[in-house]
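Written out below as structure tokens is the structure these notes cover.
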């Protein structure tokens, strides 16, 4: 009787998912990048041969403004998420296990509820007839003419709303491992509370901060529903342009070239992160710790 | 030690920020008024109207077909990925790990775009099948993530002991590994299902005529004049997802993120 060896078991388990992901993930991603080098025909559709024309068109003023705006909106949203998530992660990490479970559940719960619905909730809040506006007008904080929707800050606000759970969780996980006695020792040695926070606490949760930045930055860089529903002409982002080029202009190569830009925007921070972590690993080995 | 007043204050503010919009949405779904601004009394008229809307029911049906099919396929594939990564620490598994996790990193717009171009290149007409294939692809990683987390506490000696006393491969799989991993496999499946039924961005690229899922349909309703029925529909969806979240949480003691 012959039993299948571990090697054939490994291939049997690995091949089907690997095949699926190659066909429906690797190949399509490669196709997108390839289409950026295809010429466009006058009435939409893809021409024969290859060209660099679409790539060259990326370096026009309007595209550069688009890229700058995308970076500006997503980086601002990421920064605000961090500023709120650091104290919150710190706070949750210091609670009793039961309270901790409850708070974490409350943070994760909105992530489970519908993405479209959460954005819609803000759209109706910010709407000229909406409750927030009515309340602020009633309190004489804003005038009747103020428009909340379509403004870049409205887009940033909703991005923070949707993605802040992604920032809180990795920071909490890092803060939980932080030894509070180190913090107290620093204060005993004469550091102020604020100084100890910046010089001792923040460096020790560095990996959590990196994780938070990536988890918020990646989806916000590719955002298109939020600027589409909440924003206006001043908040058009890369994602909106890709969708517009694909479905309205039917210019697939242009959409593919913009997708390539987005791809780089996500890929570069990841490379940066792994480089930093590698360097960290090396300094650790030099110190002989782990 | 001083109590952390500032961080406590921020935490409460963030929680209020997270829940107040949802609460207002739920309240306004019971408002008789067509406009959210003022309260004109409690009413269920938007719910009644919702249940008479045929198109919504069609979208619900599509969402469930896609969700269930994609969940079943991705749960099988995702569990296989996770178990192989755990059991064999080879070069092949490193590639498999990298590939699986890359699907989580790619922005949704890019994934949608790439799937659209694949189907275009292969002349596959867009419809339920293309949505199912796409959902399965992005769900695999979520299932693998949850199952792999559970495998960290898995005792491999049990398998070796079983093999020593002559258990066959199928016996090991169906009598030991799968039953022991069942809670993780189920919560991975639930996570996949929740993400599938909620997906808008990627689906919007590969949706064809007549195959609109619920998020696609809701987006259309909002885009072309928000009706109060959207509030009612949203409230129902929020309640269902909250229920699913609690159910998943009770399946695994570790929190599912």
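Chains as they are written, first to last, in the numbering used here: chain E, 2 to 291; chain F, -3 to 253.
Backbone N, C-alpha and C fix where the C-beta goes; we use that ideal spot for every residue, glycine too.
Quick check on the DSSP output: what are the complete alpha helix (DSSP H) runs of length 4 or more inside the segment 190 to 250 of chain F, in order along the chain? 197 to 202, 210 to 219, 224 to 247
With DSSP as the reference, identify every bridge partner of residue 151 of chain E, one or two as the case may be. Along the first chain, one-based indexing puts residue 151 of chain E at 150. DSSP, once it has assigned bridges, lists E:232 as partnering residue 151 of chain E.
If you run the structure through DSSP and keep just helix, strand and coil, what is residue 38 of chain E? Within the first chain, the letter at position 37 stands for residue 38 of chain E. Coil at residue 38 of chain E, not helix or strand.
For residue 192 of chain E, which residues in chain F fall below 8 Å Cβ to Cβ? Your numbering for residue 192 of chain E matches position 191 in the first chain. Correct list: empty, because the minimum Cβ distance to chain F is about 14 Å.
Given this structure, state the Cα-to-Cα distance separating residue 254 of chain F from residue 19 of chain E, to the nearest angstrom. Given a span of -3 to 253 for chain F in the structure shown, any question on residue 254 of chain F remains unanswerable.
Out of E:29, E:160, E:148, which one is the CA nearest neighbour of residue 261 of chain E? Here residue 261 of chain E refers to the residue found at position 260 of the first chain. Comparing Cα-Cα distances from residue 261 of chain E to each of E:29, E:160, E:148, the minimum goes to E:29.
Buried versus exposed call for residue 167 of chain E [16 or more other C-beta atoms within 10 Å across all chains shown]: Within the first chain, the letter at position 166 stands for residue 167 of chain E. Looking at its Cβ environment, which holds 16 or more other Cβ atoms inside 10 Å, residue 167 of chain E is buried.
Excluding the 5 residues preceding and the 5 following residue 131 of chain F in the sequence, name in chain order all residues of the same chain whose CB lies nearer than 7 Å to its CB. Locating residue 131 of chain F in the second chain gives position 135, counting from the first residue. 62, 66, 192, 195.
Looking only at C-alpha atoms, which of E:41, E:15, E:113, E:94 sits nearest to residue 86 of chain F? Counting from one through the second chain, the residue named residue 86 of chain F turns up at place 90. Residue 86 of chain F has its Cα closest to that of E:15, out of E:41, E:15, E:113, E:94.
With burial defined as no fewer than 16 other Cβ atoms inside 10 Å of the residue's Cβ, what is the status of residue 116 of chain E: buried or exposed? As a first step, residue 116 of chain E must be located in the first chain, where it is residue number 115. By the 10 Å Cβ count, residue 116 of chain E comes out buried.
Under a CB-based cut-off of 8 Å, is residue 116 of chain E close to chain F? Start at 1 with the first residue of the first chain, and residue 116 of chain E comes out as number 115. It does: the Cβ of residue 116 of chain E has a partner Cβ on chain F nearer than 8 Å.
Suppose you measure from the CA of residue 194 of chain E to the CA of residue 188 of chain E; what does that come to, to the nearest Å? In the first chain, counting from the first residue as 1, residue 194 of chain E sits at position 193. In the first chain, counting from the first residue as 1, residue 188 of chain E sits at position 187. Roughly 7 Å separates the two Cα atoms.
Test: residue 104 of chain F CB closer than 8 Å to a CB of chain E: Position 108 of the second chain, counted from the first residue, corresponds to residue 104 of chain F. Yes, residue 104 of chain F counts as interfacial toward chain E.
Is residue 55 of chain E closer than 8 Å to residue 255 of chain E when the C-beta atoms are compared? Within the first chain, residue 255 of chain E is the residue found at index 254, counting from 1. Within the first chain, residue 55 of chain E is the residue found at index 54, counting from 1. Yes. Within cutoff.
What do you get for residue 9 of chain E, buried or exposed, if any count of 16 or more other CB atoms within 10 angstroms of its CB means buried? For the purposes of this step, residue 9 of chain E is taken as the residue at position 8 of the first chain. So residue 9 of chain E counts as exposed.
From which residue to which residue does the alpha helix (DSSP H) around residue 172 of chain F run? Here residue 172 of chain F refers to the residue found at position 176 of the second chain. Taken as a continuous stretch (DSSP letters only), residue 172 of chain F belongs to no alpha helix (DSSP H), as it is neither H nor E.
So, using beta-carbon positions, are residue 68 of chain F and residue 127 of chain F closer together than 8 Å? Locating residue 68 of chain F in the second chain gives position 72, counting from the first residue. Locating residue 127 of chain F in the second chain gives position 131, counting from the first residue. Cβ distance not < 8 Å, so residue 68 of chain F and residue 127 of chain F don't count as in contact.
To be precise: take each residue of the segment 139 to 163 of chain E, compare its Cβ to all Cβ atoms of chain F, and keep it if any distance is under 8 Å. Which residues remain? 162
Any chain F beta carbon closer than 8 Å to residue 275 of chain E: By one-based count along the first chain, residue 275 of chain E stands at place 274. No, its Cβ sits nowhere closer than 8 Å to a Cβ of chain F.
Just list the residues that DSSP pairs residue 27 of chain F with in beta bridges. Reading the second chain from its first residue, position 31 is the one you call residue 27 of chain F. Beta-bridge pairing links residue 27 of chain F to F:38.
Residue 7 of chain F, buried or exposed, once every other Cβ within 10 Å from all chains shown has been counted against 16: The residue you call residue 7 of chain F lines up with position 11 of the second chain. By the 10 Å Cβ count, residue 7 of chain F comes out buried.
Output, in chain order, the set of chain E residues within a Cβ distance shorter than 7 Å of residue 196 of chain F. Counting from one through the second chain, the residue named residue 196 of chain F turns up at place 200. Residues of chain E passing the Cβ test: 116, 117, 226.
Could you name the residues of the same chain whose beta carbon sits closer than 7 Å to that of residue 81 of chain F, not counting the 5 residues immediately before and after it, in chain order? The count along the second chain starts at 1 and reaches residue 81 of chain F at position 85. Taken in chain order, the residues that qualify are 89, 92, 93, 144.
Using DSSP with H/G/I as helix, E/B as strand and the rest coil, what is residue 152 of chain F? Mapped onto the second chain, residue 152 of chain F falls at position 156. If DSSP states are grouped into helix, strand and coil, residue 152 of chain F belongs with coil.
Could you tell me which chain F residues have their CB closer than 9 Å to the CB of residue 11 of chain E, listed as they occur along the chain? For the purposes of this step, residue 11 of chain E is taken as the residue at position 10 of the first chain. The answer, in chain order, is 80, 83, 84, 86, 88, 89.
Residues bridged to residue 253 of chain E by DSSP? Here residue 253 of chain E refers to the residue found at position 252 of the first chain. Looking at the DSSP assignment, residue 253 of chain E forms no beta bridge with any residue, so it has no partner.
Residues of chain E with CB closer than 8 Å to the CB of residue 237 of chain F, please, in chain order. Here residue 237 of chain F refers to the residue found at position 241 when the second chain is read from its first residue. The contacting residues are 113, 114, 115.
Please list the terminal residues of the continuous alpha helix (DSSP H) segment that includes residue 184 of chain E. Sequence index remark: in the first chain, residue 184 of chain E carries index 183 (1-based). It spans 181 to 189 - the alpha helix (DSSP H) in which residue 184 of chain E sits, taken as one unbroken run.
Cross-strand partners of residue 47 of chain E (DSSP beta bridge): By one-based count along the first chain, residue 47 of chain E stands at place 46. Bridge partners of residue 47 of chain E: E:41.
Determine which residues of the segment 250 to 268 of chain E have a Cβ less than 8 Å from any Cβ of chain F, and write them out in chain order. 253, 256, 257, 260, 263, 264, 267
For residue 105 of chain E versus residue 241 of chain F, is the C-beta distance shorter than 8 Å? In the first chain, counting from the first residue as 1, residue 105 of chain E sits at position 104. In the second chain, counting from the first residue as 1, residue 241 of chain F sits at position 245. No. Outside cutoff.
Residue 125 of chain F CB to nearest chain E CB: under 8 Å? As a first step, residue 125 of chain F must be located in the second chain, where it is residue number 129. Judged by the 8 Å Cβ criterion, residue 125 of chain F is not in contact with chain E.
From the beta carbon of residue 10 of chain F, is the nearest beta carbon of chain E less than 8 Å away? Locating residue 10 of chain F in the second chain gives position 14, where the first residue counts as 1. Chain E, which has a Cβ nearer than 8 Å to the Cβ of residue 10 of chain F, makes this yes.
Could you list which residues in chain E have their beta carbon closer than 9 Å to that of residue 246 of chain F, in chain order? Within the second chain, numbered from 1, the residue matching residue 246 of chain F stands at position 250. Ordered by position in chain E, no residue passes the 9 Å Cβ test against residue 246 of chain F, which lies about 11 Å from the chain.
Is the Cβ-Cβ distance between residue 197 of chain F and residue 108 of chain F less than 8 Å? Taking the second chain and counting its residues from 1, the one referred to as residue 197 of chain F is at position 201. Taking the second chain and counting its residues from 1, the one referred to as residue 108 of chain F is at position 112. Cβ distance < 8 Å, so residue 197 of chain F and residue 108 of chain F count as in contact.
If residue 186 of chain E and residue 18 of chain F are in contact, beta carbons under 8 Å, what's the gap, nearest whole angstrom? On the first chain, position 185 is the one that residue 186 of chain E refers to. On the second chain, position 22 is the one that residue 18 of chain F refers to. Their Cβ separation, rounded to whole angstroms, is 42 Å, which puts residue 186 of chain E and residue 18 of chain F out of contact at 8 Å.
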